[in-house]
Each structure stands twice: as structure tokens, then as C-alpha cells.
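Peer 1:
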Amino acid sequence: MTAITAGMVKELREKTDAPMMECKKALTEADGDLVKAEEILRIKLGNKASKAASRVTAEGIVATWIADDGKLAAMVELNCETDFVAKNDDFLALGNKLAELVAKRNPADVAELSALEIDGQTVEAVRAALVGKIGENMSIRRFARIETDGAVASYIHGGAKIGVLVDVIGGDDELGRDLAMHIAASKPKALSADQVSVDLIETERRIATEKAAESGKPADIVAKMVEGTVQKFLKEVTLLGQPFVKNDKQTIEALLKSKNASVGSFVLFIVGEGIEKKVDDFAAEVAAQAAAAAKK
């Protein structure tokens, strides 16, 4: 049996907003597995336990570059240790140069991008020099590139913490801006239901099945409840199924039809999404230092 620590309870509570005792019970039932414990809480407590699934946990920026005709675009996430450095002019300039480089040279991955040159130096050499100058580590996390016969719209939000590229076929500039802003606000996971990962759907189906089973209703009713929950989930996480942020009576799919337009693809970057960030406990650090000094 895994020992359930206060730190584990705290982490689960921050993710779910569930009461501390419920978190401890869920962790005990899951034998310390945080992911499984979160699922248990969602079954017992409902959607409240799914808070902050895309919490930002690292610093940096999202930088974009778009060709004048809108048919070629790129976006890069460049990470650093502190928000202070994320506002540094040299750091911002590097992000912009990287986005342009991705668009024009089309590297296969971060390693290939790092080997390309900026002003006669490799990207890696430029990055290392900036680390030495600023005194803080930084890294290129990911990038995306879109080349289209339509037009790419973009949106940067929250001090370059959220970035969107969306390939729009048809419509006009206003529609492109609206779609990019909607994606930043609603954070869809896929364009349509057939693009949602099987693992994600199965997780939701399993949770819905266990929640529905607790209702005590007949099996055929439970099956309908589960299917309804899964279909509702797919509408919530797909761009085409979501209600438009500027008119919640209209889905994005309906909006596109009204404009005789479609979306080829989109990319959403949230700085630090999925990266565990170390949180320093200053009070604990002081107490530890005081205890060490007392021993001496």
C-alpha cells in the first residue's frame, strides 16, 4: 500500500477543487495513483473535479509568423524559467526569428530547427549565448507550420501565453479573427469528433459508465445515459461542435455554413501546458535553514 502524503493530497486538491478528505480517500482507493484518483473523484463528485486540465505550469512565450498573403504561417513555443525573462526583448526577438525560420525552412523537428542558422550562427549557438547573457535556462519546446490554399488567421492572448493558428477556407478576415479568438477562449481538443483521440473518448466513456451505474437504473437506461454523456463531451471538445463565443445560440459548424467557409486545421499552444513547474515553499525553506542552524 502506497503511503498517501500531504503533498499528494495537496496536488490532487489543486487539480480538482475537491475537499481534502475526499482527495485522501480517492488517493487511498487508487493506491497513490494521481491520474486514477482524479478519475475516481470525477465519478463521485462530477465535473467539478476536472478543473484546470490545461493549467499553465511553465513560463515563456508563443511567437507566430504569417506570410503577407496568409498562405504560410508558423508558431513556436519558447520556454524559460521566469516570467521576467519572458518579457525580455532579446528573448522575444528569438521567438519571432524562430517562427519565421520554421515557416521558411520547414524543419522536421526541434533538433533540425536547432541546427539551422540565424545570422551565420546555429539556432542552438544563439540559444546558448542568450542563456549565458541572461543567466536563465531556455528551450524550444515545440512548433507548428501551416501551408494552405486558404488563409491562416492568428491570435495571441495573455502576454503571448496562448497562441492560435487557424486555416480558414472561404469567409473573410473577420471570420478568421473570430475563429482564432474562439479557439483561444474555448480550447477545443480537435476539429471534429472523428479527430478526438480514442484514449480520451474511452476515458470519458469509462467515467460516464461508472457514474451512470451508481444511479441504479436498468442497463438499457444506463447505456443511453453513457452515450448521451459521451456525445455531450464530444461537442464540448470539438471546434465544430462548440457554441460560438460571440453567439452561444450558434455552433461553429453553423457559423461556417452561414459564411460558406470551412476550417482545414488549427493549432493551439498554451505556454507550459502539461509541464510540471517546481513551486518553491519559501516558509519551509526558511524553517529548514533555521533547523539546520540550530543543530550546529
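Using our numbering, the first residue of the sequence shown is number 902, and each one after it goes up by one. Built from N, CA and C at the ideal position, the CB exists for glycine as well. Fair warning: this is a prediction, and the values are worked out from it, not measured in the lab.
To the nearest angstrom, how far is it from the Cα of Ile1063 to the Cα of Lys911?
Peer 2: Your numbering for residue 1063 matches position 162 in the sequence shown. Your numbering for residue 911 matches position 10 in the sequence shown. The alpha-carbon atoms of Ile1063 and Lys911 are separated by roughly 27 Å.
Peer 1: Does the beta-carbon of Ala1109 have 16 or more other beta-carbons within 10 angstroms, so that it is buried, or is it exposed?
Peer 2: In the sequence shown, counting from the first residue as 1, residue 1109 sits at position 208. Per the 10 Å Cβ criterion, buried.
Peer 1: Taking 9 Å as the cut-off, decide whether the C-beta atoms of Lys1147 and Asp1079 are in contact.
Peer 2: Taking the first residue of the sequence shown as 1, we reach residue 1147 at position 246. Taking the first residue of the sequence shown as 1, we reach residue 1079 at position 178. Yes, the pair counts as a contact, with Cβ atoms nearer than the cut-off.
Peer 1: Short of 7 Å in beta carbon distance, which residues of its chain neighbour Gly1165, apart from the five on each side in sequence? Order them along the chain.
Peer 2: In the sequence shown, residue 1165 corresponds to position 264, counting from 1. For Gly1165, where only same-chain residues beyond five positions count, the Cβ hits under 7 Å are Thr1049, Gly1051, Asp1068 and Ile1070.
Peer 1: According to DSSP, Thr1023 sits in a beta bridge with which residue or residues?
Peer 2: In the sequence shown, residue 1023 corresponds to position 122, counting from 1. Bridge partners of Thr1023: Glu1018.
Peer 1: Is the CB-CB distance between Val1168 and Leu1101 below 9 Å?
Peer 2: Numbered from 1 along the sequence shown, position 267 holds the residue referred to as residue 1168. Numbered from 1 along the sequence shown, position 200 holds the residue referred to as residue 1101. Cβ atoms of Val1168 and Leu1101: not closer than 9 Å.
Peer 1: Are the CB atoms of Ala1061 and Val963 within a distance shorter than 9 Å?
Peer 2: Here residue 963 corresponds to residue number 62 of the sequence shown, with the count starting at 1. Here residue 1061 corresponds to residue number 160 of the sequence shown, with the count starting at 1. Their beta carbons are under 9 Å apart, which means Val963 touches Ala1061 by this criterion.
Peer 1: Please classify Ala953 as buried or exposed, where buried requires at least 16 neighbouring CB atoms within 10 angstroms.
Peer 2: Translated into the one-based positions of the sequence shown, residue 953 becomes position 52. Low per-residue confidence applies at Ala953: pLDDT is 33, beneath 50, and the placement is therefore not dependable enough to give any value.
Peer 1: Can you tell me whether Arg943 is buried or exposed, with buried defined as 16 or more other CB within 10 angstroms of its CB?
Peer 2: Position 42 of the sequence shown, counted from the start, is the residue given in the question as residue 943. That one is buried.
Peer 1: Residues in its own chain within less than 8 Å of Ser1015 by CB, not counting five upstream and five downstream?
Peer 2: Taking the first residue of the sequence shown as 1, we reach residue 1015 at position 114. The residues are Thr1023, Val1024, Glu1025, Arg1028 and Ile1041.
Peer 1: Here's a check: name, in chain order, each residue in its chain whose Cβ is nearer than 8 Å to the Cβ of Arg1043, leaving out the five neighbours to either side.
Peer 2: As a position in the sequence shown, residue 1043 is number 142, starting the count at 1. The residues are Val977, Glu978, Val1011 and Phe1170.
Peer 1: Between Thr1139 and Ala1094, which are expected to be in contact by the criterion C-beta below 8 Å, what is the C-beta distance as a whole number of angstroms?
Peer 2: As a working mapping, residue 1139 is identified with position 238 in the sequence shown. As a working mapping, residue 1094 is identified with position 193 in the sequence shown. That belief holds up - the Cβ atoms of Thr1139 and Ala1094 are roughly 5 Å apart, short of 8 Å.
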